[in-house]
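Number of protein chains: 2
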Amino acid sequence: MSEDYIENLVKNARKAANVLQHMKPEDKTICLPILRDKLQSDKSNILLANRQDKENAEKLVQSGNLSPSLFKRLDLEDGDKFDSMLQGITDIDNLPDPTGKITYACRLDEGLELYRVTCPVGVLLVIFEARPEVAVNITALALKSGNAAILKGGTECRLSLAALYSSIRSALAETNIPPTAIQLVETREEISALLSKDKYIDLVIPRGSNSLVKHIQGNTRIPVLGHADGLCSVYVDKDADLQKAVRVVVDSKINYPAACNAAETLLINRSILSTHFSTIANALAQAKVKLHCDAEALSSLSDQENPFFKPCEETDFDTEFLDLRIAVKTVGSVEEAIVHINEHGSKHTDAIITENEDTARSFMQGVDAAGVYWNASTRFADGFRYGFGAEVGVSTNKTHARGPVGLEGLVIYKYQLYGNGHIVSEFGESDQKKKYLHQKIQH
Amino acid sequence: MSEDYIENLVKNARKAANVLQHMKPEDKTICLPILRDKLQSDKSNILLANRQDKENAEKLVQSGNLSPSLFKRLDLEDGDKFDSMLQGITDIDNLPDPTGKITYACRLDEGLELYRVTCPVGVLLVIFEARPEVAVNITALALKSGNAAILKGGTECRLSLAALYSSIRSALAETNIPPTAIQLVETREEISALLSKDKYIDLVIPRGSNSLVKHIQGNTRIPVLGHADGLCSVYVDKDADLQKAVRVVVDSKINYPAACNAAETLLINRSILSTHFSTIANALAQAKVKLHCDAEALSSLSDQENPFFKPCEETDFDTEFLDLRIAVKTVGSVEEAIVHINEHGSKHTDAIITENEDTARSFMQGVDAAGVYWNASTRFADGFRYGFGAEVGVSTNKTHARGPVGLEGLVIYKYQLYGNGHIVSEFGESDQKKKYLHQKIQH
Chain B
379 MSEDYIENLV KNARKAANVL QHMKPEDKTI CLPILRDKLQ SDKSNILLAN
429 RQDKENAEKL VQSGNLSPSL FKRLDLEDGD KFDSMLQGIT DIDNLPDPTG
479 KITYACRLDE GLELYRVTCP VGVLLVIFEA RPEVAVNITA LALKSGNAAI
529 LKGGTECRLS LAALYSSIRS ALAETNIPPT AIQLVETREE ISALLSKDKY
579 IDLVIPRGSN SLVKHIQGNT RIPVLGHADG LCSVYVDKDA DLQKAVRVVV
629 DSKINYPAAC NAAETLLINR SILSTHFSTI ANALAQAKVK LHCDAEALSS
679 LSDQENPFFK PCEETDFDTE FLDLRIAVKT VGSVEEAIVH INEHGSKHTD
729 AIITENEDTA RSFMQGVDAA GVYWNASTRF ADGFRYGFGA EVGVSTNKTH
779 ARGPVGLEGL VIYKYQLYGN GHIVSEFGES DQKKKYLHQK IQH
Chain Z
379 MSEDYIENLV KNARKAANVL QHMKPEDKTI CLPILRDKLQ SDKSNILLAN
429 RQDKENAEKL VQSGNLSPSL FKRLDLEDGD KFDSMLQGIT DIDNLPDPTG
479 KITYACRLDE GLELYRVTCP VGVLLVIFEA RPEVAVNITA LALKSGNAAI
529 LKGGTECRLS LAALYSSIRS ALAETNIPPT AIQLVETREE ISALLSKDKY
579 IDLVIPRGSN SLVKHIQGNT RIPVLGHADG LCSVYVDKDA DLQKAVRVVV
629 DSKINYPAAC NAAETLLINR SILSTHFSTI ANALAQAKVK LHCDAEALSS
679 LSDQENPFFK PCEETDFDTE FLDLRIAVKT VGSVEEAIVH INEHGSKHTD
729 AIITENEDTA RSFMQGVDAA GVYWNASTRF ADGFRYGFGA EVGVSTNKTH
779 ARGPVGLEGL VIYKYQLYGN GHIVSEFGES DQKKKYLHQK IQH
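Protein chains in written order, with my numbering: chain B, 379 to 821; chain Z, 379 to 821.
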């Protein structure tokens with residue numbers, strides 16, 4: 379693939395984005411039911427391609443070059459995955475249009491009105507691994523929000539993606555949307571070329587492993603929406619209700635240990651080590667969770683022979699285990715918990731268990747994270763659970779979009795100023811000059 | 379300056395930011411009137427330092443190592459600049475607090491409530507040239523929005539900055555705000571070290587020349603808020619009112635040619651070359667503006683001897699002149715104007731002059747820029763004129779904040795979830811499981 383090929387590809391994406399800016403919402407979203415129908419009628423072809431991908435991948439799993447969990451994600455026939463993929467299109471179609479919303483309106487002068495209106499970001503580059511249905515999901519999200527998208531999936535689902543993309547292309551062909559609104563690129567070499575095209579690509583969305591995301595963040599000037607780490611903590615305060623603590627700690631850890639919103643660190647207040655900790659520790663051990671405890675927490679446990687209790691290492695508090703292990707640290711106060719989380723956490727989601735409202739508020743103010751929870755499991759950090767309908771990803775960024783990101787993360791705004799020949803030189807401090815009105819306009 | 383020095387500096391900024399997250403708005407903004415008083419009482423010292431800077435800078439101007447316009451910006455005694463600086467603090471103090479605003483509220487389950495609440499971004503790095511009063515302006519903006527800031531000014535105003543910073547420090551010392559909430563760094567070598575501290579710095583705001591901004595954008599993984607280029611265009615449509623066209627084109631060009639929101643390109647519809655263009659061109663020429671015209675526009679002018687009319691070069695349409703020159707191109711339609719602007723513009727601010735509403739809407743939809751104006755001068759693109767009270771800068775980014783940025787650009791949000799021991803494993807599709815309520819909460 380030559381540099382020219384990539385240059386053309388991104389220019390065509392930009393052109394498509396410029397056309398999409400113009401189009402009425404209904405002219406864009408008309409594609410979504412058509413896409414659903416195409417995928418439905420192309421189902422057998424798509425599953426055939428998927429089976430070939432799986433056959434190839436199986437060899438990689440056997441030779442140890444692909445993890446079994448990645449293999450499972452590849453499978454479009456797994457459970458109701460295909461139907462969920464179709465339903466996802468309809469769900470996104472049913473969401474309100476995120477563009478064209480007025481978020482600020484001000485009369486600057488008689489006949490001079492300023493409106494801030496949401497609009498598409500422009501061109502998205504979405505880089506993902508394994509799960510081929512992401513191509514369909516992103517296509518629906520991009521068209522709903524009026525963005526063009528360049529899709530780069532993993533080589534392990536190459537044939538599935540080609541089949542899905544064929545349906546996407548024929549759906550686009552039945553509309554007035556430019557065919558290059560959604561483009562698929564296939565080889566890994568193209569990624570670095572694409573990441574250098576900051577003139578044409580407005581936002582990169584990586585969906586995949588920590589190493590994939592880190593690599594992308596470190597190799598582009600284009601804004602990256604996403605998260606590399608999900609190092610979430612639960613702090614059990616001295617005023618915690620024991621039953622709530624057990625429920626929330628266990629759910630945060632074991633509900634889906636491989637998820638970015640699973641808890642990796644348990645902070646426990648010193649004054650409840652003797653009263654609360656052994657119950658929590660035993661509940662975790664019963665759920666097959668290994669506790670890597672600091673000396674104080676470990677020595678407080680009566681059952682020193684329990685194979686699930688072991689001493690921690692300092693690195694445990696900077697480790698995203700993603701499995702049935704949790705690091706346990708004793709702290710003296712909520713302030714100490716906040717300092718630990720702000721230093722070691724990944725600004726994703728952190729919870730406090732306490733019955734004391736002041737302590738909870740202090741934690742929720744002081745912890746610098748996308749999600750700060752009081753007496754609730756960290757596992758709630760998810761766009762569907764938040765009520766967004768569809769999720770672009772989870773962001774630990776401090777700008778643009780933070781936490782679970784819905785369609786809102788794919789829009790920005792522009793200022794529209796409506797005048798009647800107004801010029802700046804007529805405004806000023808002196809008596810002869812006009813003054814700005816700055817009247818809010820109801821919208 | 380050692381690497382350790384920078385590491386300590388950014389860690390202290392982060393610690394201060396974490397403290398600011400906790401503080402009540404009034405405990406942060408109490409510093410602003412104190413700062414104003416300090417600057418007032420330290421005025422003679424500050425102006426003394428400023429005079430020394432000017433003496434040193436004068437030599438640089440004479441030897442051709444500093445531009446006269448930068449020299450002028452250095453001068454704190456110029457006009458009412460000192461008093462404006464003080465008034466700016468009061469103006470910012472009077473703005474509404476941008477933090478603590480609820481922007482989304484949803485009941486996920488009985489007793490499980492989700493709130494999205496605005497909060498400070500964290501640590502700002504502000505890099506600026508020449509104008510020493512930016513240090514005071516940014517200090518006020520940062521404290522108002524609850525952010526810590528690291529300030530790096532130009533060496534040409536080193537002594538002025540040291541004097542201003544001394545007042546800032548003594549104002550901070552009279553409050554509970556950590557003294558490292560606002561820090562000043564002095565040497566150019568520190569910039570590259572600071573730009574690598576993406577773990578501690580959340581946002582970089584460069585205020586200065588195109589080359590400064592470009593250098594920063596190309597050398598950091600931290601989000602950069604700002605703009606390198608301001609290549610604004612005015613398109614005079616076939617349905618333009620001639621008088622409005624003359625007013626807006628002239629104002630957009632000459633009101634302040636060195637500003638980023640001044641017009642650099644004039645696009646003119648072919649069908650009005652004979653009726654409108656010569657009047658516009660003569661008005662510009664009378665204002666001493668040189669017109670770099672394409673062949674068609676140039677040949678349409680009857681006064682071929684006018685020294686202000688000359689042929690353009692292709693590069694003129696990618697040039698930010700920042701002086702009394704403007705590039706002129708003939709286009710056949712609004713669509714062609716849009717294509718030209720999206721290809722050559724800098725996504726800053728572009729205007730159309732037309733009496734045709736459909737054409738105007740098409741332009742405002744199709745042009746991908748922070749500001750799209752109908753019958754109004756591009757020079758309105760400014761935070762004060764927009765009614766924001768204070769301006770952080772103007773952004774041509776496609777994410778986070780776009781256009782003139784007020785205090786809103788210095789905040790992000792966090793999701794606060796209030797539960798009562800709620801866990802995810804109790805929710806699900808099956809009949810026995812709870813369902814999400816997703817009820818909007820009025821806020």
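The C-beta atom is built at its ideal place from N, Cα and C for all residues, glycine as well.
For this session: Using a Cβ-Cβ cut-off of less than 7 Å, give me the residues of the stretch 625–640 of chain Z that come near chain B, in sequence order.
Result: R625, V626, D629 and N633
Exercise. Are the C-beta of L590/B and some C-beta of chain Z separated by less than 8 Å?
Worked result: One-based indexing of the first sequence puts residue 590/B at position 212. By this cut-off, L590/B is not an interface position.
Exercise. Of all the CB atoms in chain Z, is at least one closer than 8 Å to the CB of C484/B?
Worked result: Counting from one through the first sequence, the residue named residue 484/B turns up at place 106. So yes, C484/B belongs to the interface.
For this session: Answer with yes or no whether the minimum CB distance from F695/B to chain Z is below 8 Å.
Result: The residue you call residue 695/B lines up with position 317 of the first sequence. Chain Z has no Cβ within less than 8 Å of the Cβ of F695/B.
For this session: Have a look at D469/Z, S548/Z, R429/Z and K666/Z and flag the residue whose alpha-carbon is nearest the alpha-carbon of K450/Z.
Result: Numbered from its first residue, the second sequence carries residue 450/Z at position 72. Selected option, being the one with the closest Cα: R429/Z.
Exercise. Thinking C-beta only, is I632/B closer than 8 Å to V667/B?
Worked result: The residue given as residue 667/B occupies position 289 in the first sequence. The residue given as residue 632/B occupies position 254 in the first sequence. Cβ atoms of V667/B and I632/B: closer than 8 Å.
Exercise. Is the shortest distance between the beta-carbon of V499/B and the beta-carbons of chain Z less than 8 Å?
Worked result: The sequence position of residue 499/B within the first sequence is 121, counting from 1. So, interface residue.
Exercise. Closer than 8 Å, CB to CB, is I555/B near chain Z or not?
Worked result: Counted from its first residue, the first sequence places residue 555/B at position 177. Judged by the 8 Å Cβ criterion, I555/B is not in contact with chain Z.
Problem set entry | Continuous beta strand (DSSP E) assignments of at least 3 residues falling wholly in the stretch 569–599 of chain Z | 581–585
For this session: Note down, in chain order, every chain B residue with its Cβ under 8 Å from the Cβ of D619/Z.
Result: Walking along the second sequence from the start, residue 619/Z turns up at place 241. Simply G799.
Exercise. If you compare alpha carbons, which of V512/B, R536/B, L503/B and L519/B is closest to S574/B?
Worked result: Residue mapping note: residue 574/B aligns to position 196 of the first sequence, counting from 1. Out of V512/B, R536/B, L503/B and L519/B, L503/B has the C-alpha closest to the C-alpha of S574/B.
Exercise. If you drop the 5 nearest sequence neighbours on each side, which residues of the same chain put their C-beta closer than 7 Å to that of Q595/Z?
Worked result: On the second sequence, residue 595/Z is found 217 positions in, with the first residue counted as 1. Correct list, in chain order: V602 and A606.
Exercise. Do the stretch 807–816 of chain B and the stretch 535–543 of chain Z meet, that is, are 3 or more Cβ pairs less than 8 Å apart?
Worked result: no
Problem set entry | For P557/B, the three-state DSSP class (helix, strand or coil) | The residue given as residue 557/B occupies position 179 in the first sequence. For P557/B, the secondary structure class from DSSP, reduced to helix, strand or coil, is helix.
For this session: State the CB to CB distance for the pair A526/B and A520/B, rounded to an integer number of angstroms; the pair is presumed to be in contact (CB under 8 Å).
Result: Translated into the one-based positions of the first sequence, residue 526/B becomes position 148. Translated into the one-based positions of the first sequence, residue 520/B becomes position 142. Indeed they touch by this definition, with Cβ atoms about 7 Å apart.
Exercise. Is it true that the stretch 384–396 of chain B meets the stretch 567–584 of chain B, where meeting means three or more beta-carbon pairs spaced less than 8 Å apart?
Worked result: Put simply, the stretch 384–396 of chain B touches the stretch 567–584 of chain B. At least three CB pairs are less than 8 Å apart.
Exercise. Between D629/Z and S755/Z, is the Cβ-Cβ spacing less than 8 Å?
Worked result: Along the second sequence, one-based indexing puts residue 629/Z at 251. Along the second sequence, one-based indexing puts residue 755/Z at 377. Result yes, Cβ atoms of D629/Z and S755/Z sit closer than 8 Å.
Exercise. With DSSP run on the structure shown, which of helix, strand or coil describes S740/Z?
Worked result: Taking the first residue of the second sequence as position 1, residue 740/Z is located at position 362. Three-state result, S740/Z: helix.
Problem set entry | Alpha-carbon to alpha-carbon, L609/Z and R494/B | Along the first sequence, one-based indexing puts residue 494/B at 116. Along the second sequence, one-based indexing puts residue 609/Z at 231. Each residue's alpha carbon lies about 21 Å from the other.
Problem set entry | Neighbour-count burial assignment, Y764/B, 16 or more Cβ in a 10 Å radius | Within the first sequence, numbered from 1, the residue matching residue 764/B stands at position 386. The residue in question, Y764/B, is buried, as its Cβ has 16 or more Cβ neighbours within 10 Å.
Problem set entry | CB-CB length for A759/Z against P782/Z, believed under 8 Å | The sequence position of residue 759/Z within the second sequence is 381, counting from 1. The sequence position of residue 782/Z within the second sequence is 404, counting from 1. Yes, they are in contact, since the Cβ atoms of A759/Z and P782/Z sit about 6 Å apart, within 8 Å.
Exercise. Just by C-beta distance, which residues in the stretch 769–791 of chain Z are closer than 7 Å to chain B?
Worked result: K776, T777, H778, R780, G781, I790 and Y791
Exercise. Based on the DSSP output, what are the partners of K688/B in its beta bridges?
Worked result: Along the first sequence, read from residue 1 onward, the residue named residue 688/B stands at position 310. Answer is H670/B.
For this session: Starting from Y793/Z, follow its DSSP beta bridges and name the residues at the other end.
Result: Here the question's residue 793/Z lines up with position 415 in the second sequence. Beta-bridge pairing links Y793/Z to G749/B and R494/Z.
For this session: Note down, in chain order, all residues in the stretch 707–723 of chain B with a beta-carbon under 7 Å from any beta-carbon belonging to chain Z.
Result: N720
For this session: Could you tell me the boundaries of the beta strand (DSSP E) in which E642/B lies?
Result: As a working note, residue 642/B is residue 264 in the first sequence. Judged by DSSP secondary structure, E642/B falls within the beta strand (DSSP E) whose first and last residues are A641 to N647.
For this session: Identify whether G799/B lies in helix, strand or coil by the three-state DSSP scheme.
Result: Here the question's residue 799/B lines up with position 421 in the first sequence. In the structure shown, G799/B sits in a strand (DSSP, three-state: E or B).
Exercise. Which partner residues does V504/Z have in the DSSP bridge list?
Worked result: Sequence index remark: in the second sequence, residue 504/Z carries index 126 (1-based). In DSSP, V504/Z forms a bridge with L529/Z and I583/Z.
Exercise. K479/Z CB to nearest chain B CB: under 8 Å?
Worked result: Walking along the second sequence from the start, residue 479/Z turns up at place 101. Not closer than 8 Å to any Cβ of chain B, the Cβ of K479/Z fails to qualify, so no.
Problem set entry | Neighbour flag for H726/Z against chain B, beta carbons, 8 Å | The residue labelled residue 726/Z in the question sits at position 348 within the second sequence. With 8 Å as the cut-off, H726/Z does not count as an interface residue toward chain B.
For this session: Go through its chain and collect everything with a Cβ distance to C409/B's Cβ below 7 Å, but skip five positions before and after it.
Result: Here the question's residue 409/B lines up with position 31 in the first sequence. Cβ neighbours of C409/B beyond the five flanking positions: L521, A549, L550, T553 and I555.
Exercise. Once you ignore the five residues that flank I583/B on each side, which residues in its own chain have a CB closer than 8 Å to its CB?
Worked result: Counted from its first residue, the first sequence places residue 583/B at position 205. The answer, listed in chain order, is L502, L503, V504, I505, I516, V602, L603, G604, V770 and G771.
Exercise. Which partner residues does Q817/Z have in the DSSP bridge list?
Worked result: What you label residue 817/Z is simply residue 439 of the second sequence in a count that begins at 1. Paired residue(s): R485/Z.
Exercise. Beta-carbon of Y814/Z versus every beta-carbon of chain B: anything under 8 Å?
Worked result: Numbered from its first residue, the second sequence carries residue 814/Z at position 436. Answer yes: the Cβ-Cβ gap between Y814/Z and chain B drops below 8 Å somewhere.
Exercise. At a Cβ cut of 7 Å, what residues of the stretch 591–617 of chain B count as close to chain Z, listed as they run along the chain?
Worked result: Q595, G596, R599 and P601
Exercise. Which chain B residues are close to D471/Z, counting only those with a beta carbon under 8 Å from its beta carbon?
Worked result: Working through the second sequence from its first residue, we reach residue 471/Z at position 93. Taking a Cβ-Cβ threshold of 8 Å, none of the residues of chain B is close to D471/Z; the smallest such distance is about 18 Å.
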